[in-house]
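Read through the structure below, which is laid out as structure tokens, and then see the notes.
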Amino acid sequence: MSGPADLTHQAVVRILQIVDQAEDLEVLVEYGGMKLRVQKGAAGAGAPLAAFAGQAAHVPVTQPAAQPAPAVAAPAAAPAPPPAGDGPEVGADGPGLDGASDALPEGAVAVAAPMMGTFYRASNPSAPPFVEVGDRIGPDDTVALIEVMKLFNTVEAGVGGTVLEIRAGNGAMVEEGQTILVVRPD
Numbered sequence: 001m002s003g004p005a006d007l008t009h010q011a012v013v014r015i016l017q018i019v020d021q022a023e024d025l026e027v028l029v030e031y032g033g034m035k036l037r038v039q040k041g042a043a044g045a046g047a048p049l050a051a052f053a054g055q056a057a058h059v060p061v062t063q064p065a066a067q068p069a070p071a072v073a074a075p076a077a078a079p080a081p082p083p084a085g086d087g088p089e090v091g092a093d094g095p096g097l098d099g100a101s102d103a104l105p106e107g108a109v110a111v112a113a114p115m116m117g118t119f120y121r122a123s124n125p126s127a128p129p130f131v132e133v134g135d136r137i138g139p140d141d142t143v144a145l146i147e148v149m150k151l152f153n154t155v156e157a158g159v160g161g162t163v164l165e166i167r168a169g170n171g172a173m174v175e176e177g178q179t180i181l182v183v184r185p186d
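In UniProt numbering, the protein residues as written are 1 to 186.
Encoded structure:
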């Protein structure tokens with residue numbers, strides 16, 4: 001029997017999936033009476049392990065062979081999300097998941113969200129956006145942040161070129177694989 005303050009197995013698995021995408025990370029999640037501590041890479045001592053408080057379970061966190069899109073944990077001083085009253089901004093083709101066309105202009109490539117979460121165009125509400133339509137970007141340039149459970153993950157372009165469209169609104173929920181930017185490669 002689980003109540004509203006229980007950390008479910010599904011939530012633990014999702015946290016571990018997020019951690020798996022980072023290189024060096026230490027996270028402590030406290031939820032109700034449960035605690036989840038995860039260490040990975042240089043942040044952990046020895047082999048990375050995840051421990052679920054209250055049970056004797058240890059789950060190894062392995063490094064993936066190839067990551068679909070670069071995503072790393074932001075430093076402890078994570079950017080603050082926009083004020084709650086502002087609501088999500090509307091992107092070039094509409095808000096977050098509402099009906100933006102999946103068709104790409106000829107020769108253009110999509111930059112997809114590497115995970116589900118809240119999309120942010122800037123590091124904090126008063127900072128300029130990482131990219132604007134018309135900007136030239138490199139493959140290693142940070143183009144956005146995606147917040148998942150208070151963990152901010154940088155999204156790198158993965159391709160060099162010119163930004164043609166920004167398809168996700170600031171503060172909008174995005175799905176893994178959803179097109180967030182459209183780029184004309186060099």
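We put the CB at the ideal spot given by N, CA and C, even for glycine.
Residue burial classification, residue i (beta-carbon count within 10 angstroms, cutoff 16)
i      : result
Ala57  : With a pLDDT of 39 at Ala57, under the threshold of 50, the modelled position of that residue is not reliable, and the figure given next carries that caveat. It is exposed - the Cβ of Ala57 has fewer than 16 other Cβ atoms within 10 Å.
Thr8   : exposed
Gln17  : exposed
Gln10  : exposed
Ala144 : buried
Leu25  : buried
Leu28  : exposed
Gly46  : Only weak support is given to the placement of Gly46: the predicted model assigns it a pLDDT of 48, under 50, and the value that follows is read from those uncertain coordinates. Exposed, because fewer than 16 other Cβ atoms sit within 10 Å of the Cβ of Gly46.
Val12  : buried
Residues that residue i bridges to, as DSSP identifies them
i      : result
Ala144 : Val155
Met173 : Thr118
Glu132 : Answer is none; Glu132 lacks a bridge partner.
Residue range of the alpha helix (DSSP H) that includes residue i
i     : result
Leu16 : 9-20
Chain-order list of residues whose beta-carbon lies under 7 Å from that of residue i (same chain, five-residue window excluded)
i           : result
Ala108      : Leu164, Val182, Val183, Arg184
residue 263 : One cannot answer for residue 263 here, as it falls past the ends of the chain, which runs 1 to 186.
Leu104      : Ala110, Val182
Leu129      : Rather than Leu, the amino acid found at residue 129 in this sequence is Pro. Excluding positions up to five away in sequence, the list reads Arg121, Ala122.
Contacts around residue i, its chain only, beta-carbon distance under 6 Å, and the 5 residues preceding and following it disregarded
i      : result
Ala71  : Annotation note: pLDDT 45 at Ala71 (below 50); position unreliable, coordinate value reported separately. The answer, listed in chain order, is Gln21, Pro114, Asn153.
Gln178 : Ala113
Thr162 : Arg136, Arg184
Arg14  : none
First through last residue of the beta strand (DSSP E) which encompasses residue i
i      : result
Ala110 : 109-112
Pro185 : 179-185
Leu164 : 161-166
Whole-angstrom C-beta distance between residue j and residue i, which should lie under 8 Å
i      : j      : result
Val174 : Gly117 : 7 Å
Spatial neighbours of residue i in its chain, beta-carbon cut-off 8 Å, leaving aside the 5 residues before and after
i      : result
Val155 : Ala69, Pro70, Ala71, Val111, Ala113, Pro114, Thr142, Val143, Ala144, Leu145, Ile146, Ile180
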